[in-house]
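Participant: Each number in our numbering corresponds to the 1-based position in the sequence shown with 14 added.
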Amino acid sequence: MKKILPLGLLVLIVAFALFAVALTRDGELVTPTGQGTVNVEGSVFEALPLPDYAAKHITADYKSYLIEVEPGIKVHVLDVGEGFPLYVQHGNPTSGFLYRRVVEQLPLDRVRVIMPTLVGLGFSSKIPSSHHTLDNHVRWINAALNQLALPELVYVGQDWGGPVGMGALARSPGLLKGVVALNTSFNAPTEARDLSRAHAVVKTPVVGELVTGVFGSIFDTLPSVQGDPASLPDDVLTLYRKPLKDSGNMKAPLALMRMVPDGPDHPSTPAMRAVEEYTNSLDVPAEIIWGMQDPILAQGLPLMEEKFPQAPVTKTQAGHFLQEEVPAEIAGALLRIVAQLQSIQTVTPQVEPALTSGLEAAETQVDEVTE
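(1) Using three-state DSSP, classify threonine 378 as helix, strand or coil.
(2) In the structure shown, what three-state DSSP assignment does glutamate 205 receive?
(3) Spell out the partners DSSP gives glycine 305 in its beta bridges.
(4) Identify every run of the alpha helix (DSSP H) within the stretch 246–316, keeping only runs that are complete inside it and at least 4 residues long; order them along the chain.
(5) If you draw a straight line from the C-alpha of glutamate 96 to the C-alpha of valine 194, how long is it?
(6) Three-state secondary structure (DSSP) at leucine 100?
(7) How close, in whole Å, do the beta carbons of threonine 198 and leucine 311 come, if the pair is a contact with beta carbons under 8 Å?
(8) Exposed or buried, which one is lysine 70 when buried takes at least 16 other CB atoms within 10 Å?
(9) Spatial neighbours of valine 215 within its chain, please: CB distance less than 8 Å, with the 5 preceding and 5 following residues excluded, ordered by chain position.
(10) From the DSSP output, in three-state form, read off asparagine 53 for me.
(11) How would you write the range of the beta strand (DSSP E) that proline 130 sits in, first residue to last?
(12) Let me confirm a value: serine 238 is counted as buried when at least 16 other C-beta atoms fall within 10 Å, else exposed. Which label applies?
(13) Only counting the same chain, and skipping five residues up and downstream in sequence, which positions put a Cβ closer than 7 Å to that of leucine 183?
(14) According to DSSP, what are the bridge partners of leucine 80?
(15) Nearest-angstrom Cα distance between isoleucine 155 and phenylalanine 137?
(16) How would you label proline 20, buried or exposed, when you count the other beta carbons within 10 angstroms and need 16 or more for buried?
(17) For the candidate residues Arg287, Asp123, Val116, Ser261, whose alpha-carbon lies nearest to that of glutamate 42?
(18) Between the C-alpha atoms of glycine 171 and isoleucine 344, what's the straight-line distance to the nearest angstrom?
(19) Report the partner residues of tyrosine 113 according to the DSSP bridge assignment.
(20) Span of the alpha helix (DSSP H) holding valine 152?
(21) Does DSSP put valine 194 in a helix, a strand or coil?
(22) Tell me whether alanine 163 is buried or exposed, calling it buried when 16 or more other Cβ atoms sit within 10 Å of its Cβ.
(23) State the beta-bridge partners of valine 170 as determined by DSSP.
(24) Quick one: residues in its chain with C-beta nearer than 6 Å to the C-beta of isoleucine 302, no 5 flanking neighbours on either side, listed in chain order?
(25) What did DSSP end up calling valine 388 once you bin it into helix, strand or coil?
(26) Give me, in chain order, the residues of the same chain whose beta-carbon lies closer than 7 Å to that of alanine 285; leave out the 5 immediate sequence neighbours on both sides.
(27) Evaluate proline 363 with the Cβ neighbour count: other Cβ atoms within 10 Å of its Cβ, from every protein chain shown; 16 or more gives buried, anything less gives exposed.
(28) Which residues bound the alpha helix (DSSP H) around valine 199?
(29) Just to confirm, are threonine 108 and phenylalanine 335 a CB contact at a threshold of 8 Å?
(30) Have a look at Leu268, Ser282, Leu120 and flag the residue whose alpha-carbon is nearest the alpha-carbon of arginine 39.
(31) Using three-state DSSP, classify lysine 140 as helix, strand or coil.
(32) Given a cut-off of 8 Å on the beta-carbon distance, is the pair glycine 333 and glycine 305 in contact?
(33) Can lysine 88 and leucine 80 be called in contact, C-beta distance under 8 Å?
(34) Quick one: Cα of glutamate 382 to Cα of arginine 350, how far?
(35) Alpha carbons only, please: which of His145, Met264, Gln331 is nearest the one belonging to serine 245?
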């Protein structure tokens with residue numbers, strides 16, 4: 015005779031199956047709507063007024079706007095200052111606000127800081143999980159940069175902001191003039207290997223959703239990857255978490271973790287190979303600022319040094335989100351590269367003193383970093 019499952023057990027199995035289906039649903043497209051317009055260097059974009067919990071973290075001179083890169087896909091941009099363009103790209107699961115403390119260290123009468131937020135995070139459009147691919151993110155950020163019509167820029171990338179930003183720049187040859195590399199990677203994997211234990215755990219369907227959305231939150235774990243956990247207080251975690259929660263689509267952080275290649279056959283690997291090929295071809299001024307207390311990417315420093323063998327390296331005691339911990343060191347590197355580029359182009363007397371003054375202030379703080 016066939017054994018029949020007890021009714022209670024059958025109900026539990028069916029309930030869990032339904033729960034798993036709901037938990038792993040793809041999510042919906044959520045497109046932000048702005049109010050009015052903002053003029054940015056002659057281009058007009060959709061203005062996005064910020065809620066109070068976000069606006070309090072920046073000054074009134076910031077511009078906040080949306081760039082529609084595809085129908086329904088809008089990239090939120092924070093933009094402040096005037097002068098030499100600095101394109102700074104954050105990673106998972108933060109937003110362009112991650113660079114706000116770096117901005118505080120810069121002479122905004124001589125540099126313009128452009129802070130796009132990756133699609134799925136912050137105030138950019140939210141998308142279904144399956145739409146989170148490296149190719150898509152590279153295309154969207156490249157489209158945003160193209161609409162800004164920048165003549166040149168210095169680039170900073172951290173976490174996914176590294177390969178996404180560099181991949182976007184590879185599609186616009188000649189735009190990139192200098193690089194500041196933070197904790198990130200520009201190399202494609204050549205063997206099967208997980209970036210971290212957390213990445214290994216969450217790539218399993220259902221398990222990842224349970225770990226990051228039911229039994230805990232990615233945002234709650236962020237202080238643990240810092241050199242100083244207090245560098246990510248509750249109001250800053252809210253700054254990164256709340257736009258996703260309010261949108262009803264919290265899919266991006268887990269999707270971006272699963273987007274990290276774990277071997278040569280991962281879907282992200284071909285795009286990473288293109289990023290690696292492009293960075294190998296670069297001959298531009300570069301600096302490396304590294305957080306040695308980063309449990310995810312600290313071990314990647316030797317590979318970055320191989321990528322930019324002539325680049326000065328500043329080792330810090332910061333963790334993964336080093337923009338929150340060592341903003342002066344990052345600003346100092348940016349100013350040194352801008353000054354170097356402008357000296358090559360014959361710096362004008364009006365520009366050089368402001369850059370030099372900002373550079374000296376930043377270098378004073380850099381000297382205090384523990385190697």
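Even for Gly, the Cβ is constructed at its ideal location relative to N, Cα and C.
Facilitator: Taking the structure as given:
(1) For the purposes of this step, residue 378 is identified with residue 364 of the sequence shown, where counting begins at 1. Because the pLDDT of threonine 378 is 48, which lies under 50, any placement of that residue in the model is unreliable, and the question is left without a value.
(2) What you label residue 205 is simply residue 191 of the sequence shown in a count that begins at 1. Here glutamate 205 sits in coil by DSSP.
(3) Stepping through the sequence shown from its first residue, residue 305 is reached at position 291. Answer is Thr330, bridged to glycine 305.
(4) 248–261, 266–272, 283–294
(5) For the purposes of this step, residue 96 is taken as the residue at position 82 of the sequence shown. For the purposes of this step, residue 194 is taken as the residue at position 180 of the sequence shown. If I take the Cα positions, the gap works out to 19 Å.
(6) Here the question's residue 100 lines up with position 86 in the sequence shown. DSSP, read as helix, strand or coil, puts leucine 100 in strand.
(7) Numbered from its first residue, the sequence shown carries residue 198 at position 184. Numbered from its first residue, the sequence shown carries residue 311 at position 297. That belief holds up - the Cβ atoms of threonine 198 and leucine 311 are roughly 7 Å apart, short of 8 Å.
(8) Locating residue 70 in the sequence shown gives position 56, counting from the first residue. Per the 10 Å Cβ criterion, exposed.
(9) Residue 215 sits at position 201 when you count from the first residue of the sequence shown. Only Val221, Gly222, Val225 meet the Cβ criterion.
(10) Taking the sequence shown and counting its residues from 1, one reaches residue 53 at position 39. In the structure shown, asparagine 53 sits in a strand (DSSP, three-state: E or B).
(11) Within the sequence shown, the letter at position 116 stands for residue 130. Residues 125–130.
(12) The residue labelled residue 238 in the question sits at position 224 within the sequence shown. So serine 238 ends up on the exposed side.
(13) Residue 183 sits at position 169 when you count from the first residue of the sequence shown. Cβ within range, chain order: Tyr169, Leu189, Leu190.
(14) Taking the first residue of the sequence shown as position 1, residue 80 is located at position 66. Its beta-bridge partners are Glu60, His90.
(15) Translated into the one-based positions of the sequence shown, residue 155 becomes position 141. Translated into the one-based positions of the sequence shown, residue 137 becomes position 123. Approximately 14 Å between the Cα atoms of the pair.
(16) Numbered from 1 along the sequence shown, position 6 holds the residue referred to as residue 20. Classification for proline 20: exposed.
(17) If you number the sequence shown from 1, residue 42 lands on position 28. Here the closest residue by C-alpha is Ser261.
(18) Within the sequence shown, residue 171 is the residue found at index 157, counting from 1. Within the sequence shown, residue 344 is the residue found at index 330, counting from 1. Near 11 Å, if we compare the C-alpha coordinates of isoleucine 344 and glycine 171.
(19) Counting from one through the sequence shown, the residue named residue 113 turns up at place 99. Answer is none; tyrosine 113 lacks a bridge partner.
(20) By 1-based counting over the sequence shown, the position of residue 152 is 138. Element bounds for valine 152: 148–162.
(21) In the sequence shown, counting from the first residue as 1, residue 194 sits at position 180. If DSSP states are grouped into helix, strand and coil, valine 194 belongs with the strands.
(22) On the sequence shown, residue 163 is found 149 positions in, with the first residue counted as 1. With fewer than 16 Cβ atoms within 10 Å of its Cβ, alanine 163 is classed as exposed.
(23) In the sequence shown, the residue the question calls residue 170 occupies position 156. Per DSSP, Val102, Val194.
(24) Position 288 of the sequence shown holds residue 302. Taken in chain order, the residues that qualify are Ala195, Met318, Ala325, Val327.
(25) Limits of the chain in this structure are 15 at one end and 385 at the other, which puts residue 388 out of reach.
(26) Mapped onto the sequence shown, residue 285 falls at position 271. Excluding sequence neighbours, alanine 285 sits near Leu148, Asp149, Val152, Gly181.
(27) For the purposes of this step, residue 363 is taken as the residue at position 349 of the sequence shown. Because the pLDDT of proline 363 is 46, which lies under 50, any placement of that residue in the model is unreliable, and the question is left without a value.
(28) Numbered from its first residue, the sequence shown carries residue 199 at position 185. Looking at the sequence provided, one finds serine at residue 199 rather than valine. Unbroken run through serine 199: none, as it is neither H nor E.
(29) Position 94 of the sequence shown, counting from 1, holds the residue named residue 108. Position 321 of the sequence shown, counting from 1, holds the residue named residue 335. Their beta carbons are under 8 Å apart, which means threonine 108 touches phenylalanine 335 by this criterion.
(30) As a position in the sequence shown, residue 39 is number 25, starting the count at 1. The option with the nearest alpha carbon to arginine 39 is Leu268.
(31) The count along the sequence shown starts at 1 and reaches residue 140 at position 126. Strand.
(32) Taking the first residue of the sequence shown as position 1, residue 333 is located at position 319. Taking the first residue of the sequence shown as position 1, residue 305 is located at position 291. Result yes, Cβ atoms of glycine 333 and glycine 305 sit closer than 8 Å.
(33) Mapped onto the sequence shown, residue 88 falls at position 74. Mapped onto the sequence shown, residue 80 falls at position 66. For lysine 88 and leucine 80, yes; Cβs fall inside 8 Å.
(34) For the purposes of this step, residue 382 is identified with residue 368 of the sequence shown, where counting begins at 1. For the purposes of this step, residue 350 is identified with residue 336 of the sequence shown, where counting begins at 1. Reliability fails at glutamate 382, whose pLDDT of 45 lies under 50, so the model's placement of it is uncertain and the value that follows must be treated cautiously. If I take the Cα positions, the gap works out to 17 Å.
(35) On the sequence shown, residue 245 is found 231 positions in, with the first residue counted as 1. Closest by alpha carbon: Gln331.
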